[in-house]
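A.B. asks: Residue numbers (my numbering), protein chains in the order written: chain A, 41 to 402; chain B, 41 to 402; chain C, 41 to 402; chain D, 41 to 402.
Number of protein chains: 4
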Amino acid sequence: MIILCRTDLTPAQRERILAEIEGLGFEAFVRTVGERTVIEGPPASSAARCEVERLAGVERVFVNEPGAHLVTHDHRSEPTLVRVGDAVFGGPGTLVIAGPCAVESLEVMLDVARAVRDAGACVLRGGAFKPRTSPYNFAGLGREGLEILAEARAETGLPVVTEVMDTRDVELVSEYADMLQIGSRSMHNFPLLTEVGRTRKPVLLKRGMNATIDELLTSAEYVLAGGNEQVVLCERGIRTFERSTRNTLDLSAVPILAERTHLPVVVDPSHASGRRQIVPSLARAAAAVGAAGVIVEVHTDPSRARSDGPQAILPDELTQLVRDIRAIDAALAPSSLAPSSLASSSPVVPAPAEHPDPEPVP
Amino acid sequence: MIILCRTDLTPAQRERILAEIEGLGFEAFVRTVGERTVIEGPPASSAARCEVERLAGVERVFVNEPGAHLVTHDHRSEPTLVRVGDAVFGGPGTLVIAGPCAVESLEVMLDVARAVRDAGACVLRGGAFKPRTSPYNFAGLGREGLEILAEARAETGLPVVTEVMDTRDVELVSEYADMLQIGSRSMHNFPLLTEVGRTRKPVLLKRGMNATIDELLTSAEYVLAGGNEQVVLCERGIRTFERSTRNTLDLSAVPILAERTHLPVVVDPSHASGRRQIVPSLARAAAAVGAAGVIVEVHTDPSRARSDGPQAILPDELTQLVRDIRAIDAALAPSSLAPSSLASSSPVVPAPAEHPDPEPVP
Amino acid sequence: MIILCRTDLTPAQRERILAEIEGLGFEAFVRTVGERTVIEGPPASSAARCEVERLAGVERVFVNEPGAHLVTHDHRSEPTLVRVGDAVFGGPGTLVIAGPCAVESLEVMLDVARAVRDAGACVLRGGAFKPRTSPYNFAGLGREGLEILAEARAETGLPVVTEVMDTRDVELVSEYADMLQIGSRSMHNFPLLTEVGRTRKPVLLKRGMNATIDELLTSAEYVLAGGNEQVVLCERGIRTFERSTRNTLDLSAVPILAERTHLPVVVDPSHASGRRQIVPSLARAAAAVGAAGVIVEVHTDPSRARSDGPQAILPDELTQLVRDIRAIDAALAPSSLAPSSLASSSPVVPAPAEHPDPEPVP
Amino acid sequence: MIILCRTDLTPAQRERILAEIEGLGFEAFVRTVGERTVIEGPPASSAARCEVERLAGVERVFVNEPGAHLVTHDHRSEPTLVRVGDAVFGGPGTLVIAGPCAVESLEVMLDVARAVRDAGACVLRGGAFKPRTSPYNFAGLGREGLEILAEARAETGLPVVTEVMDTRDVELVSEYADMLQIGSRSMHNFPLLTEVGRTRKPVLLKRGMNATIDELLTSAEYVLAGGNEQVVLCERGIRTFERSTRNTLDLSAVPILAERTHLPVVVDPSHASGRRQIVPSLARAAAAVGAAGVIVEVHTDPSRARSDGPQAILPDELTQLVRDIRAIDAALAPSSLAPSSLASSSPVVPAPAEHPDPEPVP
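(1) Nearest CA to the CA of C:Ala153: which residue from C:Ile278, C:Leu322, C:Arg193, C:Ser174?
(2) Can you check DSSP and say which residues form a bridge with D:Val124?
(3) Tell me the DSSP bridge mates of D:Phe69?
(4) At the 8 Å Cβ level, is C:Phe169 part of the contact set with chain A, yes or no?
(5) How many Å lie between B:Ile42 and B:Val263 at the Cα?
(6) Can you check which of these residues, D:Gly107, D:Ser347, D:Ala293, is closest to C:Gln317 by C-alpha distance?
(7) Anything in chain B within Cβ reach of C:Asn177, meaning under 7 Å, just list it in chain order.
(8) Mind listing which residues of the region 269-286 of chain B have their C-beta closer than 8 Å to chain D's C-betas, in chain order?
(9) Is the CB of D:Phe66 under 8 Å away from at least one CB in chain A?
(10) Which partner residues of C:Phe102 appear in the DSSP bridge assignment?
(11) Name the DSSP bridge partner or partners of B:Gln221?
(12) How far does the beta strand (DSSP E) with A:Cys274 in it reach, from first residue to last?
(13) Check whether the region 195-208 of chain C and the region 218-238 of chain C touch, using three or more Cβ-Cβ pairs below 8 Å as the test.
(14) Determine whether the Cβ of A:Pro398 lies closer than 8 Å to any Cβ atom of chain B.
(15) Give me the Cα-Cα distance between A:Gly182 and B:Gly266, rounded to the nearest whole angstrom.
(16) Quick check on the burial criterion: 16 or more other C-beta atoms within 10 angstroms. Buried or exposed for A:Arg344?
(17) Return the chain-ordered list of same chain residues with a C-beta closer than 6 Å to the C-beta of C:Ser380, the five sequence neighbours on each side being excluded.
(18) Please go through the region 278-325 of chain C and give each complete alpha helix (DSSP H) segment of 4 or more residues, from N-terminal end onward.
(19) Note down the Cα distance separating A:Gly277 from C:Ser174, rounded to an integer number of angstroms.
(20) What are the residues in the region 318-331 of chain C lying within 7 Å of chain D by C-beta distance?
(21) Would a check of beta-carbon distances place D:Ile253 closer than 8 Å to chain C?
(22) Have a look at B:Val143 and C:Pro83 and give me their C-alpha separation to the nearest angstrom.
(23) Using a beta-carbon distance below 8 Å, is B:His115 in contact with chain C?
(24) Give the secondary structure of B:Glu337 by DSSP, where H, G and I count as helix, E and B as strand, and everything else as coil.
(25) Count the other CB atoms within 10 Å of the CB of A:Arg100; is the residue buried (16 or more) or exposed (fewer)?
(26) With distance defined between alpha-carbon atoms, name the residue in D:Gly125, D:Ser117, D:Val136 nearest to D:Val336.
(27) Do you know whose CA, among B:Cys274, B:Asp341, B:Thr301, lies nearest B:His311's CA?
(28) Sorted by chain position, which residues of the same chain lie with C-beta nearer than 8 Å to C:Leu95's C-beta, five sequence neighbours on each side aside?
(29) So which residues of chain B does C:Arg208 contact, with C-beta pairs closer than 8 Å?
(30) At which residues does the alpha helix (DSSP H) containing B:Val163 begin and terminate?
(31) Would you please verify whether the beta carbon of C:Ser292 is less than 8 Å from any beta carbon of chain D?
(32) CB B:Val156 to CB B:Gly139, shorter than 8 Å?
(33) Mind listing the chain D neighbours of A:Val78? Cutoff is C-beta to C-beta under 7 Å, in chain order.
(34) What does C:Arg403 touch in chain B if you count any residue whose Cβ is under 8 Å from its own?
(35) What number of angstroms, rounded off, separates the C-alpha of A:Leu377 from the C-alpha of B:Pro320?
(36) State buried or exposed for D:Cys45, treating a residue as buried only when at least 16 other CB atoms are found within 10 Å of its CB.
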C-alpha cells in the first residue's frame, strides 16, 4: 500500500495516517516526492485500504504497484490548458510547432524562424543540446544555441521550445526557453523529470521509443508531483520491427491518452518517420485523430542541415500543411473530438511579430 | 539471378534466355509461377545482368533475393482501380466497408446490412470462415454464412467481401463473394495466395500483424503473378510491445505504400485497436492520411456479438463516421493527396438497393 | 461459457449438459472440434460454471475466452514422449535434428544425410515444400523432394521431418515423412492444424515469428483436439526491432513452456539467427536451458545451397556441436532440469544405418 | 566525413588535417570528445577519405554516420579484461555477480552479502539509487545505501557494483563503488555516459530495453572516448510483444557482441525474465552461450523485498547455480568459446573474506 498525500497535509493528519499504518503492525516508510508526502505501508486488504482512503490528508491509495494519479481525470476532470507564449495547447484546434532539428547558426535559425512564423506555426523549436547515438556526432551548440534561439524569438515573437538532457542544465535552459523539451531518450531519466518538475516552465514530454502509454503517464506524473502541471505529452513513434520508417507512429495513442489524462497531446511525425515525404500526410492524420498539435522539423535547406536533414520539410510544405490542418479542424469542428473549453479567443493564430518577449533573455 | 519473363514469352525467346544462362556456365532452373515463366540463373555480375535484361521476353531481372515487381510503379505507372460492385477503390474519396465481424444469423445480418447501407457505406463485410486462436471458439457458419451474405447482398444491393482461409474453399467462397479477403494470419499462406491469384475475383489482402510493408507487397505479388491484378491492400495494425490497443495501427504504411505500389490501400481500425471507442478517430485519421478506404466492424447489438463485440461500433456511429470522412475528403480535395484519375462519376455513393446481383448466387 | 466435453461423452450426458444450459435461459450452440463436442453457453457466473463443471462428460469449462487445455499439465501430468523413428523427444538428453534447408537433389541430400548420421544427429530434416517470401524464389521440389527424402532415410536409417504447407498436401506428405513440420508462417493456419490433427503422424510445430507462447499452445491444442497428441513444439525466434540476427531467439520460452505444457520443446537456432557463426553457441545455450532438442541446418557446401545457405553449418561443426551438447547434458545430468522418465534406454544414440524403414515409401 | 583523431594528436598534425579539409572547400567543425579531437568535414568521396585517413594523427574516418570505433576489434585486437577487485571479466570462466535489487537495510544487506560470498559469487550488487517507473515507488536509500554497501564489502571482501543515474551523483557513487552500473534506462543518457567516461572506475553498461546491439556499442564508445576502457556490457532483455516474461532475453547478443567488440559481456536473467523460476535455467544458458558472467538478484527473503522480489532467487538456488555454471564451463573448456588469455590464475574463485578493501571508504 502506497499512500499519496494531499499537498495541504497537516502534521496532525500525517500522524493520524502513520498511526493507522502502525495499527496494521507495520512501520511505515515516509518519503517526500516533489511537493507531496508519500507513505509506504504494508500489503493491503481492501478493507484496510478503504479505512486509509477515508483519512483526512489522503489523496490516493495504491494497493499494489503505484501508478499515475495527478495526470488522470480522477485528479482533474477539466482538460489542462498549457500556455506557451500566446499558444494554448488543449484548447480548440491543432497547433503547429516547427523549426530545425538543431540550432546551427544565427543566420540559418533566423531564416527558418521567419519561415515558420510566416507559415502560421505558433511555437518555434530547435535543439541546442542534442542527444546523439554516436559520441562523434554534432551534439548541438549548447549555450550559444540558446542565445540564438532567444534572438529568433525576439525577431519573430514566437515562443521557443528546446531540449534539456542533463539535470545540471535545467536552470540554464530555463533562462532561455519558453518550454522545456524532455526528449524520447530521457523519458525514463527520473532525476531529470524531477528537476523539471521543480521549475514552473511548461514541459514538452516525448514518449520514449520503447515506452508504453502508461509509462509516458507515470513519467509525466514525476513532473506533476513536483508541482508543475503545465505538461504537454508528445507521441513520436515507437520502435517496432518495421523499418520503412525510422519508428512506427502510434496515432492510437492520441485517443487512448484522451481517455486517461487531462493533459494535451501533440504528435511528432518528423522523428517518427524520418522521411520528409510522408511528414505532411502523417501531420494531417494527427489533426484528424484529435491531437492538440503537431511538431515538425522544417529547414530552408535540408540538404545542408547538420542533423536529421532527410526528415525536414521545406517552408512551402509547412505553409500548405498549416492550411490543410486548419481545413481538417474546420471540417471536424462540430464533431465530438473538438474540446469545448476555450482558453483564448483564437489560440491557433500565431502571435504577431511584435509580440513582447515573455521571458527574460540575458 | 532470377529472371521474370513476360506473359507473352515465346518459345524462341525462352530458348535464347536459356542459352544466355548456359553461356555463363550454369544450368538454369525453369519454373512456372502463375502465368509467367521464371528462370533461375547463377549469381550475377552487373554486366551479365544487363545482357540478360536486354533480351526479348524478359520483364525483370532480380540480382540477389527476388522481390516484388508487378505491384510496383515500375510495372504499372497508373493507380490500379479495383472495382467491387459499384465501388471503385483507388479513385477519389475514401470508401467505407462495414459489417459485423462474423455472420451469425440471417436476421442479425440483414439488420446490420441495412444499417450499413443507410449509413452510406458501399461494401458489406462479414465472416463465414473465421480464424480463431482457440479451437473451441466459434469459427463461423461456413457455407450457411455465405448464403446469408448472398441474401444480404440481394436485400441491400451492397457487394460483399468475406474471408477465405483454406485453399480447398476458394472455389466455394468465390461463388458467393464479390471480393475475397485474405486475413492477417493468412498473408504468408503462399498456397492460398496462389489459389486466389488464379481467380478473377477482387482480393482484399490484409497485412500480417508481423509483416513488413515489403512483405505485404511480395504477398500481393503472388496474386498478381497469377494474373489477378484486382488487389486492395489493407493496413490493420502490427504487433508491438504496446498493449493499450490490440495491435498498433501503422498509418505510415499508407503513404509509404503509395510510394511503392499502384495498388489501393485501405485501413482497418477495428482489428488494429480492438476498442470501439477509438475506431472513429482512427478512421478519420485514415481518411486524412490518404487511404482509399476504411473497413470497420459494425453491429446493431455489439454486446451480443459472438465474435469481437468490443470493437464493433453502432450504426449511428457509422453514420457520423461516414459524414466525417466525407468532410475530410472535401477539406483536402484540392490537396496533393487526392488521386486525380476518376473511375466513375461518383464511386463513394453506394449502389441503390435495386443494384443487380453481379455474381451468380445458388 | 465454452464447454469442452470428454471424448467418451455419451448421448445422455450431452442431453444433460444441454438441459443445464437451457436452464440458464440460453439456447446452446453445439460444435464438433476434432474428436470432441464443444458446447457454447451463455456468459457464466462462477456458480453456474461450478454446476456445469460437475456434470458427467465435461472435461473443462472456459468462462471467457477459451484457451488451451489438452496441452496443459491439468490434462496430463506426465511429460509427453514423442517418438520419431528411434528418437524420443521429451526423455533425457538433448536430441539433434539436422539437415539442409531445402531438398535440392538426390546427390546433395545423400551427402548431407550421411554427414548428419555420422555426426550423431538422430532425425533428418529437409524441405520439399518451402514457404518463400517472393513468388519467384525456389519453393522446393515438391513430390520429387519427398522421394529424395525417402531415399535418404533408406540409406541412413534416420527418420525424416519435412514441412507441409497446404491442407491438400497433408495426405501426400504423410506418406513419406516420419514427422510433419508446421512452419512458423503456418502456425496460425487453423485448417492446416486441424488437418494434421487428423493424422497420427508426429508433428513439429514451430512458433510463429509473431506468436506469443500462449498462442503457440492454442495452436498445438488444435492438433491435440483432433486426437493427435504427438506434438513437439519449436522455438525459432520472434520478430523484434533487433536486426543483427534475422529474428530474436527467445530461449526463455523453453522453461516457460515447461511450466505450461507436457509437450517437449526444441529450439531452432538456424532460422532464428540466420547466421552460421552463432548457431553452435545458441544450440549449446538451448541444451543448457533445458530444451528437448535442437534443429539445425547443415550443408556440405553452404555457398551453393539454393535456400538459406548463410545459416547452414558444416558437417564438422555439427560433429563438434553434438559433442558439446552431450557434454552439457552430462554436466547438468544430476541437476533439476533433467526429466526423470526414460522412454528408452538410450534415445540420444541415433538408429543404426540398417534401421528398417518405418513408413511405406512408394 | 567525421575524423576521429588519436589521443596523441600534435598541433602540427591537427593543422595539417584542417588544411586538408579546407582544401575540399569546407570549413571544418572541431570538437573535443573526451580525450580526443573530432573534426567534422564535408560529405566525402572515397578518394578524399583515403587521403585523410593517411594523415598522421588520424585514428579513423567515418564517411556517413559516425559509429563505434574504440570498442571494436579494429582498435584493439585482444580481449579487454575488466578487473573489479579480484574478479576479472573477459578471462576464462563465467563469473557470478549477485545481490539484492535494492539496498534496504544494513541487516538484510549483510545477510545477503554473506550468502552471496558463500555461494561462490565474486561481485556483490545492490541498488542505492533505483530508477522506478512511478514517482511514488521506493527509489533507494541514496548515500545511506552506499554506506551499507561499503560495510557489506568490508565484511565479505566482495567488490560492489551499484547504479548511478544522475550526472551529479557520479562523484559520490565513485567514492563507494568498485564498479559503476549504468542501468538500462540510462543507456541513452549521454551526459551520464560522458561523466562516467571521465572516471577510472570499471563500468557495467546495461543494454537499453529498446536498444539495438549497435547502439549498446556506441553508448560504450562514449565511455571509452573519455579514456575509460574498463567497460563490461550487459544483455538484460529487450522489449517485445511477448509478455510471459518481463522482457525477452536476447542471448544471441552474446556471440554477436563477441564478433564486434573486445569488451566482455555479462547477462542479467533476473531483470530480463522478472520470474525467479526461470532465472537459473537462463543463467545456465548464458554460461553455455559464452558470456563472461551473469548478474542475478538474490534475497534471503524475497517476499519481503521492497523492490523486484518476484525475480530474486534464494541463497540455496544461487549455490546450485554457481555449481551448474562451473560444470558447464568445465564441459566446454576445450571448446572454441573459451577465451585463451588468462588474466590471473583463477579469476572464478572469489576473493577470501580477508581480502583488503581496494577502495577508500569514508
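Each residue gets a CB set at the ideal place from its N, CA and C atoms; glycine is no exception.
C.D. replies: In terms of the structure at hand:
(1) It is C:Arg193.
(2) D:Ala127.
(3) According to DSSP, D:Phe69 bridges with D:Glu80.
(4) No, its Cβ sits nowhere closer than 8 Å to a Cβ of chain A.
(5) Rounded to whole angstroms, the gap between the alpha carbons of B:Ile42 and B:Val263 is 19 Å.
(6) Ranking D:Gly107, D:Ser347, D:Ala293 by Cα distance to C:Gln317 puts D:Ala293 first.
(7) The contacting residues are Pro106.
(8) Arg279, Thr280, Phe281, Arg283: these are the residues of the region 269-286 of chain B whose beta carbon lies less than 8 Å from some beta carbon of chain D, given in chain order.
(9) Closer than 8 Å: no.
(10) C:Ile42.
(11) Bridge partners of B:Gln221 according to DSSP: B:Glu203, B:Leu244.
(12) Start and end: 271-275.
(13) With a cut-off of 8 Å, the region 218-238 of chain C and the region 195-208 of chain C count as touching, because enough Cβ pairs lie within range.
(14) Low confidence applies to A:Pro398: its pLDDT is 38, below 50, so where it sits in the model is not reliable, and the reading given next is rough at best. Cβ-Cβ to chain B under 8 Å: no for A:Pro398.
(15) So the two alpha carbons sit approximately 59 Å from each other.
(16) By the 10 Å Cβ count, A:Arg344 comes out exposed.
(17) Here the model assigns C:Ser380 a pLDDT of 35, short of 50, so the residue's position is not dependable, and the following value carries that caveat. For C:Ser380, there are no CB contacts under 6 Å within the same chain when 5 residues up- and downstream are skipped.
(18) Secondary structure in the region 278-325 of chain C: the alpha helix (DSSP H) runs of 4 residues or longer, each lying completely within the stretch, are 293-300, 309-313 in chain order.
(19) Near 29 Å, if we compare the C-alpha coordinates of C:Ser174 and A:Gly277.
(20) The residues in question are Ile318, Ser321, Leu322, Arg324, Ala325, Ala327, Ala328, Val329, Gly330.
(21) Interface residue, yes.
(22) In this structure, the alpha-carbon of B:Val143 lies about 20 Å from that of C:Pro83.
(23) In terms of beta-carbon proximity, B:His115 stays away from the interface with chain C, with every pair separated by 8 Å or more.
(24) Strand at B:Glu337.
(25) Buried is the call here.
(26) Taking only the C-alpha atoms, the option nearest D:Val336 is D:Val136.
(27) Shortest Cα-Cα distance from B:His311 to any of B:Cys274, B:Asp341, B:Thr301 involves B:Cys274.
(28) Around C:Leu95: Gln53, Arg56, Ile57, Glu60.
(29) Contact note: C:Arg208 reaches chain B through Thr207, Arg208, Pro231, using a C-beta cutoff of 8 Å and chain order.
(30) B:Val163 -> not in any alpha helix (DSSP H); beta strand (DSSP E) instead, spanning 163-165.
(31) C:Ser292 belongs to the set of residues whose beta carbon lies under 8 Å from a beta carbon in chain D.
(32) Yes; because the gap between Cβ atoms is below 8 Å, this pair is in contact.
(33) The CB of A:Val78 comes closer than 7 Å to the CB of Tyr176 in chain D, given here in chain order.
(34) Because chain C is modelled from 41 through 402, residue 403 of chain C falls outside the range shown and cannot be assessed.
(35) At A:Leu377, the pLDDT of 45 sits below 50, so the modelled position is not reliable; the number obtained from the coordinates is stated separately. So the alpha carbons of these two residues sit roughly 10 Å apart.
(36) That one is buried.
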